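J.: Counting from 1 along the sequence shown, just add 199 to a position and that's the residue number in the UniProt record's numbering.
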Amino acid sequence: EQDVAEYRKSLAIRVSGFDVPRPIKTFAEAGFSVELMKAIAKQAYEKPTPIQCQSLPIVLSGRDVIGIAKTGSGKTAAFILPMIVHIMDQPELAKEEGPIGVVCAPTRELAHQIYLEAKKFAKANDIRVSAVYGGMSKLEQFKELKSGCEIVVATPGRLIDMLKMKALTMSRATYLVLDEADRMFDLGFESQIRSIVGQIRPDRQTLLFSATMPRKIEKLAREILTDPVRVTVGEIG
Ligand code: ADP
Ligand code: MG
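1) Within its chain, find whatever has a CB closer than 7 Å to the CB of Val219; leave out the 5 residues flanking it on each side and keep chain order.
2) Looking at ligand 2, does it come within less than 7 Å of Lys241, judged from the CB to the closest heavy atom?
3) Can you round the beta-carbon distance between Phe226 and Pro247 to whole angstroms, since I take them to be within the 8 Å contact cut?
4) Evaluate contact between the region 389-404 and the region 315-326, counting only Cβ atoms and requiring at least three cross-stretch pairs below 8 Å.
5) In its own chain, which residues sit with a C-beta less than 8 Å from the C-beta of Ile359, not counting the 5 before and 5 after it?
6) Quick one: Cα of residue 459 to Cα of Leu386, how far?
7) Going residue by residue through the region 203-285, where are the continuous alpha helix (DSSP H) segments of at least 4 residues, counting only ones entirely within it?
8) Take the Cβ of Glu379 as the centre, count every other Cβ of all protein chains shown within 10 Å, and call the residue buried at 16 or more, exposed below.
9) Where do the ends of the alpha helix (DSSP H) carrying Ile313 lie?
10) Quick check on the burial criterion: 16 or more other C-beta atoms within 10 angstroms. Buried or exposed for Asp263?
11) In terms of residues, what are the limits of the beta strand (DSSP E) holding Arg429?
12) Rounding to the nearest angstrom, what Cα-Cα distance links Ile212 and Met364 in this structure?
13) Suppose the cutoff is 8 Å on Cβ atoms and the five residues either side in sequence are ignored; what does the same chain contact list for Gly230 look like?
14) Measure the C-alpha to C-alpha separation of Gly436 and Gln289 and round it to an integer number of angstroms.
15) When you measure from the CB of Gly271 to every non-hydrogen atom of ligand 1, does any distance come out below 7 Å?
16) Straight-line CA distance for Arg400 to Lys208?
17) Using the three-state DSSP reduction, which class does Gln289 fall into: helix, strand or coil?
18) What does the alpha-carbon distance come out to for the pair Phe384 and Ile416?
19) Apart from the five residues just before and just after Val284, which ones in its own chain have a Cβ nearer than 8 Å to its Cβ?
As structure tokens, this is what we get:
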């Protein structure tokens, strides 16, 4: 216990929540598949960043997480790697349509970056990733979604458009990520986020990442996450 506390301190990490799993020191400790370990090695990620050290074991255990850490701290892999594991754990993958993992991000640039990161880890596992954001033809996007995918990375507005067009169903979505939640609020996406969350089954796993935690986001987190563990890295939060 004392060791765990000191290790967290050395990572500048604070946690709150019940029964928080201990942070890992290496990717090997996460229990990833050989394919995933190869994909990680290919990225030349030698060891997990602090947010990854603490979030990975929590997310892999199926818990909801609120992750608060500044830009550049490696939050994307902290939710993408367990998402790949979550999808690989699903029985009879190809039977139903619609994504299993859904990521919402505030801007098309951020969504695109997450899309690229997801593809790096999805490829080796035959997982299909679709990007859904403005600036691309709606018809092309509609067609791509209709052909099926396991992961969708989206901006809220365009995802709502696609849901309205019935380009996809959320019936098998069980892993939801709200990335850069504070920026999504700043850009006025709160009602769209609530609408999307309302279309995803309540027994989902939900992760919320943000650089800051204003009261409005605390409130949303309380409403849509279940017994979350909060992981804060550094001074912020
Ligand atoms: P954030 O979302 O917290 O702003 P990113 O997920 O975009 O941060 O990661 C920032 C950069 O760090 C990216 O270039 C990413 O590829 C890299 N990165 C992520 N995890 C690791 C790691 N474990 N080791 C080395 N580099 C990493
Ligand atoms: Mg990010």
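From the three backbone atoms N, C-alpha and C, an ideal C-beta is built for every residue, glycine too.
Note that this is a predicted model, so its numbers are computed, not measured.
T.: Let me lay it out:
1) Ile257 and Val428
2) no
3) 6 Å
4) no
5) Gln391, Ser394 and Ile395
6) In the structure displayed, the chain extends from 200 to 436; residue 459 sits before or after that span and is not available.
7) 233-241 and 249-259
8) buried
9) Arg307 to Ala321
10) buried
11) Val428 to Val432
12) 43 Å
13) Leu259
14) Here the model assigns Gly436 a pLDDT of 42, short of 50, so the residue's position is not dependable, and the following value carries that caveat. If you take the alpha carbons of Gly436 and Gln289, they lie about 34 Å apart.
15) yes
16) 36 Å
17) coil
18) 8 Å
19) Phe231, Ser232, Leu235 and Leu259
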